Every structure is written in C-alpha cells, then in structure tokens.
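Per the numbering used here, the sequence shown starts with residue 4, numbered consecutively. Working notes for the structure below.
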Amino acid sequence: MCGRRSIHPSKFRPISAEIRADGKLKIYDFRMEPLCAYAGVLFGIADSGTGTTFGTIMTFIMVMERHPDIQQRALEEIRSVVGSERLPSLEDWASLPYVNALIKDDEVPCRHSTCYRPAHNARGYISSPFKAIISIPANTIVLPNIWGLSRDPSVYPSPGDFKSERFLLSEAGKEPMDPWDYMFGFGRRNCLGKP
Numbered sequence: 004m005c006g007r008r009s010i011h012p013s014k015f016r017p018i019s020a021e022i023r024a025d026g027k028l029k030i031y032d033f034r035m036e037p038l039c040a041y042a043g044v045l046f047g048i049a050d051s052g053t054g055t056t057f058g059t060i061m062t063f064i065m066v067m068e069r070h071p072d073i074q075q076r077a078l079e080e081i082r083s084v085v086g087s088e089r090l091p092s093l094e095d096w097a098s099l100p101y102v103n104a105l106i107k108d109d110e111v112p113c114r115h116s117t118c119y120r121p122a123h124n125a126r127g128y129i130s131s132p133f134k135a136i137i138s139i140p141a142n143t144i145v146l147p148n149i150w151g152l153s154r155d156p157s158v159y160p161s162p163g164d165f166k167s168e169r170f171l172l173s174e175a176g177k178e179p180m181d182p183w184d185y186m187f188g189f190g191r192r193n194c195l196g197k198p
C-alpha cells in the first residue's frame, strides 16, 4: 500500500529534482497519493497480459524450433503473398490463411497460460433458452470451462497436438470453432486486446 509512511520522500529525489542552469538543485513537491495512483495505473497496464504474451511467444518459438516443416510452410505462404521486399501488414491477413491458423493454434488456451479467466457474477436467474436446463441464482460465481472448450475432440481432433490445419476450412467447407471466440472472455467482459 502506498502512503507517506510506506515510502520515504528521499526515494523520489532523483525524479523530483532538476539541476538548473546556474548549477543549483531545484526540488519539486510531489504528493504521494497521486504519484502512487499513477504508478499503480502504469504498473497495471504493463502487467496486464505480460505473462500470457510471453508464454505465447515462447511457445511459438519452441514449436517453430521443433517443427521446421510448419515454419517452412508458413514462410512460403508469407513469401508468396508479400514477396521478399516488405514485411506482412494487416492488409495481408486475409491472404495468409495458414499463418492465421498457426497463430490461432499457438494461442489455444492452457498450452502456455492459466486456464481460468476472471469469474463472472450472474446478475439474476438465467431465463430462456437455458431455464429448462439449469437456473443460476443471482451473484453466483461462474467460471467458464475454457480448457474443456479447447480440448473437445469432436471440435478439435487430437486437441493436445499442434495441428494448425484444424483452423482451416475443411473439405466440406465447415469452419471450425474459433478459439478467439472464447479465450478472450465473454460478453461485456471481453478482453480489450481481443483480435
């Protein structure tokens, strides 16, 4: 907890002092409460998503190292779309279906991060169409089973394996369930970083 007793003001001298042109030190007066509030916001922004982003990147590097064939296929697709003179941009996204599927497969929940998302409180009794199945009392904590959604073998064949092809259209033209529809939260509590 931040306050006058927990942090000595001398700790802030390096950021609150300025050497004037005449060589004398000019001290600014900082109030602890606003400074602590700003620091909390900055640390919160820096911390949110850091662990999962790091895990996603490290998992991707590991998979590319273990499966050079996957890396080569993605590289060939990128080169066929953008060539070798420029980097891919967001405008190229629709033209890179395998790279898109590769990213989705890398971000499948529970491979590199916690399976639990923030709990949701039910506002009231759930009504139709689910009332006949189950009713949830108000203020019940609801934890979605993200692990179960991402490991359903009827939706994702061989769910524990890294198979990006599962996120491409099948021969029948059936589009598979997009993990981004459930792994970034639900409804009003969607993650702001949802693609």
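For each residue, glycine too, the CB sits at the ideal point set by N, CA and C. Just so it is clear, the structure is predicted and the values come from calculations on it, not from any experiment.
| Check | Outcome |
| --- | --- |
| Beta-carbon spacing of A104, R154 below 9 Å | no |
| Heavy atom of the ligand FAD within 8 Å of D181 beta-carbon | As for the ligand FAD, it is missing from this structure, which has no ligand bound. |
| Cα-Cα separation between P179 and A42, rounded to whole angstroms | 43 Å |
| Within 9 Å, strictly: CB atoms of D95 and V111 | no |
| Where S138 falls, given that 16 or more other Cβ within 10 Å makes a residue buried | exposed |
| K107, buried or exposed, once every other Cβ within 10 Å from all chains shown has been counted against 16 | buried |
| Buried or exposed by the 16-neighbour rule on C-beta atoms within 10 Å, applied to I64 | exposed |
| Range covered by the alpha helix (DSSP H) that runs through D108 | 100-109 |
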